[in-house]
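Mapping to numbering that gives the first Met the number 0: the sequence shown position 22 is 21, numbers consecutive. Don't be surprised by glycine CBs; every beta carbon is placed ideally from N, CA and C. Since the model is a prediction, treat every value here as computed from it, not as a measurement. Notes follow the structure.
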Amino acid sequence: MNEVRQDGGENDAHGITSGMPLKKVVLASNNAGKLREFAALLGAAGIELIPQGELNVPEAEEPHPTFVENALAKARHAAKLTGLPALADDSGLCVRALRGAPGVYSARFAQLAGGEKSDAANNARLVEELRSASDRRGYYYCVLALVRHADDPEPLIAEGRWHGEILDAPRGEHGFGYDPYFYLPSLNASAAELEPAVKNASSHRAIALRQLLARLSEEA
Ligand code: IMP
Numbered sequence: 000m001n002e003v004r005q006d007g008g009e010n011d012a013h014g015i016t017s018g019m020p021l022k023k024v025v026l027a028s029n030n031a032g033k034l035r036e037f038a039a040l041l042g043a044a045g046i047e048l049i050p051q052g053e054l055n056v057p058e059a060e061e062p063h064p065t066f067v068e069n070a071l072a073k074a075r076h077a078a079k080l081t082g083l084p085a086l087a088d089d090s091g092l093c094v095r096a097l098r099g100a101p102g103v104y105s106a107r108f109a110q111l112a113g114g115e116k117s118d119a120a121n122n123a124r125l126v127e128e129l130r131s132a133s134d135r136r137g138y139y140y141c142v143l144a145l146v147r148h149a150d151d152p153e154p155l156i157a158e159g160r161w162h163g164e165i166l167d168a169p170r171g172e173h174g175f176g177y178d179p180y181f182y183l184p185s186l187n188a189s190a191a192e193l194e195p196a197v198k199n200a201s202s203h204r205a206i207a208l209r210q211l212l213a214r215l216s217e218e219a
C-alpha cells in the first residue's frame, strides 16, 4: 500500500488549529455521487476535496453503534493515513415505528436478518417490518465529521435530517437505497421520483453540508 502523506503542504497537519482556513481536504469515501455533491458546495468555500481512493486510503471499519462515532472513525482514519484534514459522512434511514431502525445498520438491514446485502433485500425487510404499522414516519439522517488532523480535539460535526414517510410499494427510478420507499409529503413524490439535482439540494446530506459550511464560516 502506497499511502501518500501530504504533511508539510499548505495543510501541515501539525500546524492546523480551529480557525485556520482549510485548503485541501480528503473525502473519506469513494462514492462518486457524494464527491460531486460535497465538492460543489465545499469548492465554493475554497476547499479542494480529494477522494481517499486517489491517495490509496482503504475503506475504514464502521463498527460503532452511533452515526457520529462511525463518521469520526472514518475521518480520523483518512487523516491519519494522509496527513491531511479529512471529511467523512455516515447516514441511514431511521423509522419511528421501528424505534429508529434500520439506523446505523441501514446498509446491512437484511443481512442482519440472514438475508443478502442489497438494496432490494433491505427494502423487502423494511416493507415487511412495517406491514401492520399505521405510523409510517421516518427520516434520513446524515452526520458529517471534519477533522483537521487525526488527533483533532475539536472536530467539526454537522447533521441533517430529511423527514418523510415509508411507502408500502416502490415509486420512481432515481436515487439508491431506500429512495423508492421514502415519500416526501411536501413534494408529493418519493425520493426516487425526484430529479437528482432536486434530491441533492434538499437531502439530509445537503442539510448537513450547509450546516458544516456555516460552522466553517463562523470559524473563519
Ligand atoms: P452510507 O452512510 O452512505 O454508507 O449509507 C448507509 C446506508 O444508508 C445506505 O447503504 C442506504 O441504505 C442508506 N442511505 C443513506 N442515504 C441514503 C439516501 O440518500 N437514499 C437512500 N438510502 C440512503
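Per DSSP, K23 is one residue of the beta strand (DSSP E) stretching across K23 to L26. In the structure shown, the three-state DSSP call for Y104 is helix. Between the stretch 106-119 and the stretch 142-155, the count of C-beta pairs closer than 8 Å stays below three; the two stretches do not touch. L193 sits away from I165, with the two beta carbons spaced by 8 Å or more.
The set of residues with a C-beta under 5 Å from any non-hydrogen atom of ligand 1 comprises D89, S90, G91, S105, A106, G176, Y177 and D178, given in chain order.
Proximity of the stretch 36-47 to the stretch 61-74 falls short of the contact definition, fewer than three beta-carbon pairs being nearer than 8 Å. Short of 8 Å from the beta carbon of G91, and not among the five residues preceding or following it, lie these beta carbons of its own chain, in chain order: F66, P101, G102, V103, Y104, S105, A106, Y139 and Y140.
Judged by their CB atoms, A190 and G174 are nearer to each other than the 8 Å cut-off. For V56, there is no enclosing beta strand (DSSP E), as DSSP marks it with neither H nor E.
The alpha helix (DSSP H) runs lying completely inside the stretch 112-172 and spanning 4 residues or more are 118-128, given in chain order. Excluding its 5 nearest sequence neighbours in each direction, Q210 has C-beta neighbours in its own chain below 6 Å: A157, listed in chain order. In the three-state reduction of the DSSP assignment, E194 falls in the coil class, being assigned neither a helical nor a strand state. DSSP places G42 in the helix class (H, G or I) of the three-state scheme. Within the same chain, Cβ atoms closer than 8 Å to the Cβ of P64 are found at V103, the five residues on either side in sequence being excluded. Using a 10 angstroms sphere on the CB of H76, the tally of other CB atoms reaches 16 or more, which defines it as buried.
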